[in-house]
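384 is the number of the first residue of the sequence shown in our numbering; add one for each residue after it. Backbone N, C-alpha and C fix where the C-beta goes; we use that ideal spot for every residue, glycine too. Below is one structure, written out as structure tokens; the observations come after it.
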Amino acid sequence: MSSKSVIEHELVANHDALRFGLHAVKGDVVGAHPLQSLRESTGRIWEEKKRMGLDLTYGTAFNLRRDLDAQILSRFQRPPGALPSSMLGFEALTGGLDDFAFEDYLNLPQDSETFRPLDMHHGMEVRLGISKGPATILSSHTNERGSPKAVMEVVNNEFEVGECKGQKLVDGEQMPLVLRPAEAQKRGPCSLVAALKANKEWFEEKLLQHSAVLLRGFDVRDAEDFNKIVDAFGWDDIRYVGPAPRTHVHKRVWTANEGPLSEFIYYHHEMVLINEFPTKVILFCQVPPPEGGETPFVPSFRVTQRMLEEYPDNVREMEEKGLRYTFTAVSKNDTASMRGRGWEDAFGTSDPAEAERRARALGMNIEWLPNGGAKTILGPRPLTRVFPGRNARRMWFNTVVGMHGKETSSATMADGSEIPEHVVKRCGEIIEEESVQFKWEEGDVLFLDNLALLHGRRPSLPPRRVLVATCK
Ligand SMILES: [Fe+2]
384 MSSKSVIEHE
394 LVANHDALRF
404 GLHAVKGDVV
414 GAHPLQSLRE
424 STGRIWEEKK
434 RMGLDLTYGT
444 AFNLRRDLDA
454 QILSRFQRPP
464 GALPSSMLGF
474 EALTGGLDDF
484 AFEDYLNLPQ
494 DSETFRPLDM
504 HHGMEVRLGI
514 SKGPATILSS
524 HTNERGSPKA
534 VMEVVNNEFE
544 VGECKGQKLV
554 DGEQMPLVLR
564 PAEAQKRGPC
574 SLVAALKANK
584 EWFEEKLLQH
594 SAVLLRGFDV
604 RDAEDFNKIV
614 DAFGWDDIRY
624 VGPAPRTHVH
634 KRVWTANEGP
644 LSEFIYYHHE
654 MVLINEFPTK
664 VILFCQVPPP
674 EGGETPFVPS
684 FRVTQRMLEE
694 YPDNVREMEE
704 KGLRYTFTAV
714 SKNDTASMRG
724 RGWEDAFGTS
734 DPAEAERRAR
744 ALGMNIEWLP
754 NGGAKTILGP
764 RPLTRVFPGR
774 NARRMWFNTV
784 VGMHGKETSS
794 ATMADGSEIP
804 EHVVKRCGEI
814 IEEESVQFKW
824 EEGDVLFLDN
834 LALLHGRRPS
844 LPPRRVLVAT
854 CK
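Encoded structure:
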């Protein structure tokens, strides 16, 4: 285990300067003592060397397997009883049993794997009824040296962490994070809006951490309620540009793709091909479908990781050359197709010259077709992207699988060379394998980090009404 110089930040949501002294960034990132910093960095270097050694000796799959085992073992403690609970299995796997660390010679409670001190001050206030007891969840964090660290994550007083069927643990984080009202009387949309306004930064942090946050049980009823929720954050709106036919409902709220419910809308980052794309896609379920109709989403970095493992050469070539896409659109909207948005609606004009000008502003070129349709050409476009604040994860920020070899679209490398069919096919399988989905319930509001997740829509039986707002 390793020592953190400031444990207080893990126990309380807001830093209490009276009790813990002034907050200092340096104190958070630098070890309290030079020896501690040295010990931590040495540990990291040795861990990297060890990984490299295992990699060269047994192949990359070995480390992958080891990571999986570690992830599983870090979740299970010996159940509490006469003996204190411990991470015996995990420690045995990572060699932590042989590690002689701060806890062993200083016996500091904050470094202990088995004992997590509670905030006594707050505990007493809860007992006396002065303040509300925070809902707490026990989450296992892995510190920089790979040892597990049981941390009581204090969940905001307004929200309680829930669960939903289908959520997955990705890289130690639940996807989606389910937030429910902490108290029954706080379930109305007005209370929710107030809670979101008061906890904007906290919520944004959670969204970055989990990539998807599902608000459930808040009685959100209609587009007006939904609009207020979206507005609560003060994020700028971004106008939708793309092939999906959509209708404006109220202020920032639009219908999601109105294409036939029987069709699967393939996984995509919203507006991935446009120069300016939303960072957040927010969905509200007004009428849950009786069957199907889930909105599956995929942690994009996992696709990059797995494609790099399986096709490193193809990935490198696509990355170096860049990608080129084409898309053919009719002139007028055709709601019989999920890609039936006409170019006139997409570009907001029926004048071809103006459409060309607007297309160029979005980074596209247009070729006019004899039937009045337009062939839009985009490229070169990147295969992957890394965005700030997302753990340096390399996102699969493209739409190759969705557009490759289709009747109305194509995806090739930017120099015109073909992307091998089997690579695209396998990529599609990987995306599906990595997908996460849950059953929509009435009033659900789902926040997606559009830079970290691909999303789609499964075929559904009617009726289904899901509304959407996109933010910069
Ligand atoms: Fe979408």
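Item	Value
DSSP-derived helix/strand/coil call for Arg629	coil
Closest residue to Thr630 among Ala729, Ser793 and Gly785 (Cα-Cα distance)	Ala729
C-beta contact flag for Thr687 and Arg840 at 8 Å	no
Simplified DSSP assignment, three categories, for Ser818	coil
Proximal residues to Val636 (C-beta, below 6 Å), its chain only, five neighbours per side dropped	Ala606, Phe609, Asn610, Leu850 and Ala852
Contact test: Glu430 Cβ vs ligand 1 heavy atom, cutoff 7 Å	no
Beta-bridge pairing of Pro803 - partner residues as DSSP gives them	Paired residues: none, contrary to the question.
Reduced DSSP category for Gly839 - H, G, I as helix; E, B as strand; rest coil	strand
Sequence-distant residues of its chain with Cβ nearer than 7 Å to Thr767 (five each side left out)	Thr687, Glu702, Arg777, Met778, Trp779 and Phe780
Proximity test, His416 beta-carbon vs ligand 3 heavy atom, cut-off 7 Å	Looking at this structure, you won't find ligand 3 anywhere; what it does contain is ligand 1.
Closer than 7 Å: His805 CB and nearest ligand 1 heavy atom	no
Residues that DSSP places opposite Gly545 in a beta bridge	Val561
Which listed residue (Ile814, Gly785, Phe684 and Thr711) has its alpha carbon closest to that of Ile760	Thr711
Between the CA atoms of Gln557 and Thr638 - distance to the nearest angstrom	28 Å
Spatial distance of Leu579 from Arg570 (CA atoms)	12 Å
Continuous beta strand (DSSP E) assignments of at least 3 residues falling wholly in the region 644 to 710	648 to 651, 663 to 670 and 680 to 682
Coarse secondary structure for Gly785, derived from DSSP in three states	helix
Rounded separation between Lys532 and Pro559 - CA only	The predicted position of Lys532 is uncertain, since its pLDDT is 35 and thus under 50; a value taken from the coordinates is nonetheless stated next. Whole-angstrom Cα-Cα distance: 22 Å.
Cα-Cα separation, Cys810 to Met435	27 Å
Distance, Pro417 Cα to Ile814 Cα	45 Å
Stretch pair the region 788 to 804 + the region 658 to 669: three plus CB contacts closer than 8 Å	no
Check whether Ile621 and Lys855 have beta carbons under 8 Å apart	yes
Sub-8 Å separation of Phe601 and Pro564 beta-carbons	yes
Supposed contact pair Glu727 and Lys715 - C-beta distance, whole angstroms, cut 8 Å	6 Å
Pair within 8 Å by beta-carbon distance, Val828 and Ile648	no
Closer than 8 Å to chain C by CB, Asp438	Absent from the structure: chain C. Only one protein chain is present.
Residues of its chain near Pro846, where Cβ-Cβ distance is below 6 Å and the 5 sequence neighbours each way are ignored	Val670
Val849, enclosing beta strand (DSSP E) - first and last residue	Arg848 to Cys854
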